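Asker: Numbering (our numbering), first residue to last: 191 to 929.
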Ligand code: GDG
């Protein structure tokens, strides 16, 4: 039976050593809860680092046995590996770059990168030990970016999902990493790549398009001939757990204690791990500003701030902790009174009962990270407000701000805005609090952690099915042979061939894509069979096709069907078309050429094409969208059609399309073999127009109405050569019989 394997840097367990014995306590983190529904079932399991260094073989065996009872499998790491892979690379390169702190905190050291790669390889080995074909592997987070690619190399068909819990930065940041290509290729080993927000998805898609030879169609990227889907899956929490906690006695007791302590004060809470990305100093600055500018709040509000210790043996973190100590000390010494302390600051982690008590009694929760993948504290606060009151102030830089839109959303760099938000929050009438909180509680309940796991796993299944259906539609092996057999068992054939992208590859200069000798020879062989009508059906100008193919026996169709030319005749165009519209559209296109270096206009008899394949990446697409919007109404008034293709925007008479053009030929004869090859949007008209028994072949892996697909022009040529070759061999085979 197939199984699911979860992989993350840390196992969801805490291990402590007491003399010779190891004690395990399962961790209650959100991820562990969410994924509990998976890894605890059947023969599924979770692979990761157990959190402490264990060097002795005997000890390792003990721990392996204890962990296996919890369905966990360890990857043991030495202290040196933790220093280099985890601290040195994951936390000193990927964390700062992905949180936009590269210039201050990123430290690129080759030996740390080598160790990151080696440890990722260790994780891969651990996976391969247990993985079997048909299994599903879900890999988590930035410490393991290379693992999907490493597993893929060994198990090409296995289903791999990857989810990143921290932000994915813009290309401008990611490109700074010296090993960026390898990292990106590693992630692309997955079939489904998930992030918390759509912004992360956009950054990732843009980065992939800039750095790797990928083809993209919306959020589906073809890499290494595999379709990979990139999507946002905002992670949720175990909302029921947080709603149930305030009803427990232990929590109620704590809640009363806190209330007693802050009797006449509005209580503002904040909870973070010690990290520069959390905006703790900026938050203190905003709080101080409030006390400075609005002295009437002295004694009326208090900040209850928990900072959970983290990495404070690293100088930058120790420095941050010192700064926080100083700032809190300063504020308290300036503003405190005998009975009131503005900031109650704790540098320690707290038990969940106190956390829940804080969530449930606070008036305001202040969450102001400078950058955060999601931020679960904000959602836990919302889930804990079982009376629908309380106010959440939330940084727009946290992924959660995309969902919790009823929070007071602030820019954490804007001290005045944060200060004003605190004032609004502490004065907010109860009915407004309730309207906002109810809306947020609904969202937190609906998009909880189980929902997150379910939609990710469902999508992963769907992506695999998509890949499999692509595989069965790929013309190779038995399918290829059956098409070739059908070809030979028929004697009135018509073959439609698109040119650019189908018979020759994509070139940045449209004039460069001229036919090579191999193509001429192939077309000559195909057309020399009297049973074949070979039609070259292209969007190119008729003059251009004449230049290349006038001497051939091909039937030529130019400009998507405006012009036709049979062997040994001259060109004729379809009647009743007008090109008057060009006077209006051309000048508009010229304004886009003036504003977009590298773009140009191609003029055909009944169409105008704006090409932007040489424009700056991203700018071309932006302008094309703008142009599309500009032309929308003008086009329908004038009976024009807008076609947006691969780095082109084409405006043409609506009456012309390749499908109609092909039908005029098909209808003339009783063909018993009809096949069409094409690679882009204009060929879809052709595929759709073909009669039922026809064979349609899409070149490339974008979605298509075609029945089959081939990967590139080389494969098209191979199939066509297959037609002619077996013809030769048939003749050869027949020779002895005939003589
Ligand atoms: C990443 C991303 C993303 C904190 N202090 C105590 C305590 N906590 C718990 C909170 C919450 C969790 O830790 C922290 O949640 P974050 O969302 O800040 O997550 P990170 O660990 O920073 O990690 C983040 C997340 O992954 C999920 O994808 O949201 O953006 O950085 O659950 O309650 N719990 C207890 N005592 C504490 O002192 N009991």
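Where a beta carbon is used, it is the ideal one built from N, C-alpha and C, also for glycine.
Keep in mind that this is a model prediction, so the values were computed, not measured.
In this structure, how does DSSP classify residue 792 when only helix, strand and coil are distinguished?
Answerer: strand
Asker: When we look at the beta-carbon of residue 345 and count the other beta-carbons within 10 Å, is it buried (16 or more) or exposed?
Answerer: buried
Asker: Cβ of residue 474 within 8 Å of Cβ of residue 518?
Answerer: A contact, by the Cβ cut-off of 8 Å.
Asker: Is the closest heavy atom of ligand 1 to the C-beta of residue 260 under 7 Å?
Answerer: no
Asker: Should residue 610 be counted as a contact of ligand 1 given a C-beta to heavy atom distance under 7 Å?
Answerer: no
Asker: So does the segment 539-551 actually touch the segment 508-524, counting three or more Cβ pairs closer than 8 Å?
Answerer: no
Asker: Please determine, among 668, 303, 379, 327, the residue with the shortest C-alpha to C-alpha distance to residue 340.
Answerer: Nearest of 668, 303, 379, 327 to residue 340, Cα basis: 379.
Asker: With a CB to CB cut of under 8 Å and the five nearest residues on each side skipped, what residues in its chain are close to residue 859?
Answerer: The residues are 682, 684, 723.
Asker: Is the distance from the Cβ of residue 381 to the Cβ of residue 654 below 8 Å?
Answerer: Yes; because the gap between Cβ atoms is below 8 Å, this pair is in contact.
Asker: Mapping the DSSP letters down to three states, classify residue 262 as helix, strand or coil.
Answerer: It is a strand residue.
Asker: Should the segment 554-562 be regarded as contacting the segment 311-329, the criterion being three or more beta carbon pairs within less than 8 Å?
Answerer: No, they do not touch.
Asker: Any idea what DSSP makes of residue 646, helix, strand or coil?
Answerer: helix
Asker: Is the beta carbon of residue 494 closer than 8 Å to that of residue 459?
Answerer: Result yes, Cβ atoms of residue 459 and residue 494 sit closer than 8 Å.
Asker: Cβ atoms of residue 903 and residue 692: under 8 Å apart, would you say?
Answerer: yes
Asker: Tell me whether residue 199 sits in a helix, a strand or coil according to DSSP, three-state version.
Answerer: strand
Asker: Cutting at 7 Å between CB atoms, please list the residues of its own chain near residue 922, excluding the five before and the five after it.
Answerer: Since pLDDT at residue 922 reaches only 46, below the 50 mark, its modelled position is unreliable, and the value read off the structure follows with that caveat. Once the five neighbours on either side are set aside, residue 922 has no close Cβ partner at all.
Asker: For residue 790 versus residue 773, is the C-beta spacing smaller than 8 Å?
Answerer: no
Asker: Confirm, please, whether the CB-CB distance from residue 332 to residue 288 is below 8 Å.
Answerer: yes
Asker: Measure the C-alpha to C-alpha separation of residue 909 and residue 704 and round it to an integer number of angstroms.
Answerer: Cα to Cα, the separation comes out at about 21 Å.
Asker: Apply the 10 Å Cβ neighbour rule to residue 730 and answer buried if 16 or more other Cβ atoms are within range, or exposed otherwise.
Answerer: Around the beta carbon of residue 730, 16 or more other beta carbons lie within 10 angstroms, which makes this residue buried.
Asker: Starting from the Cα of residue 670, find the closest Cα among 205, 348, 258, 912 and give me that residue.
Answerer: 912
Asker: Out of curiosity, what's the CA-to-CA distance linking residue 660 and residue 371?
Answerer: 27 Å
Asker: Is residue 531 buried or exposed, if buried means 16 or more other CB atoms sit within 10 Å of its CB?
Answerer: buried
Asker: For residue 595, which of helix, strand or coil comes out of DSSP?
Answerer: coil
Asker: State yes or no: is the beta carbon of residue 279 nearer than 8 Å to at least one beta carbon in chain D?
Answerer: Note that chain D does not occur in the displayed structure, where there is just one protein chain.
Asker: Would you mind sorting residue 208 into buried or exposed? The rule is 16 or more other CB atoms within 10 Å of its CB.
Answerer: Taking every protein chain shown into account, the CB of residue 208 has fewer than 16 other CB atoms within 10 angstroms, so this residue is exposed.
Asker: Measure the alpha-carbon distance for residue 242 versus residue 205 and round it to whole angstroms.
Answerer: 7 Å
Asker: Would you mind giving the Cβ-Cβ distance between residue 427 and residue 639, rounded to the nearest angstrom? I have them listed as a contact below 8 Å.
Answerer: 6 Å
Asker: Please report how far the alpha carbon of residue 565 lies from the alpha carbon of residue 355, in whole angstroms.
Answerer: 10 Å
Asker: Residues bridged to residue 712 by DSSP?
Answerer: DSSP, once it has assigned bridges, lists no residue as partnering residue 712.
Asker: When you compare each of 868, 842, 384 to residue 891 by their alpha carbons, which one comes out closest?
Answerer: 868
Asker: Could you tell me which of 265, 450, 542 sits nearest to residue 440, measuring between CA atoms?
Answerer: For the residues 265, 450, 542, the minimum Cα distance to residue 440 belongs to 542.
Asker: Residue 170: buried (16+ other C-beta within 10 angstroms of its C-beta) or exposed?
Answerer: Missing from the structure shown is residue 170; the chain here goes from 191 to 929 and no further.
Asker: Determine, using beta-carbon pairs with one atom in the segment 744-760 and one in the segment 779-798, whether at least three such pairs fall under 8 Å.
Answerer: yes
Asker: Using alpha carbons as the reference points, say which of 606, 897, 590 lies closest to residue 665.
Answerer: 897
Asker: Do residue 876 and residue 864 have their beta-carbon atoms positioned less than 8 Å apart in this structure?
Answerer: no
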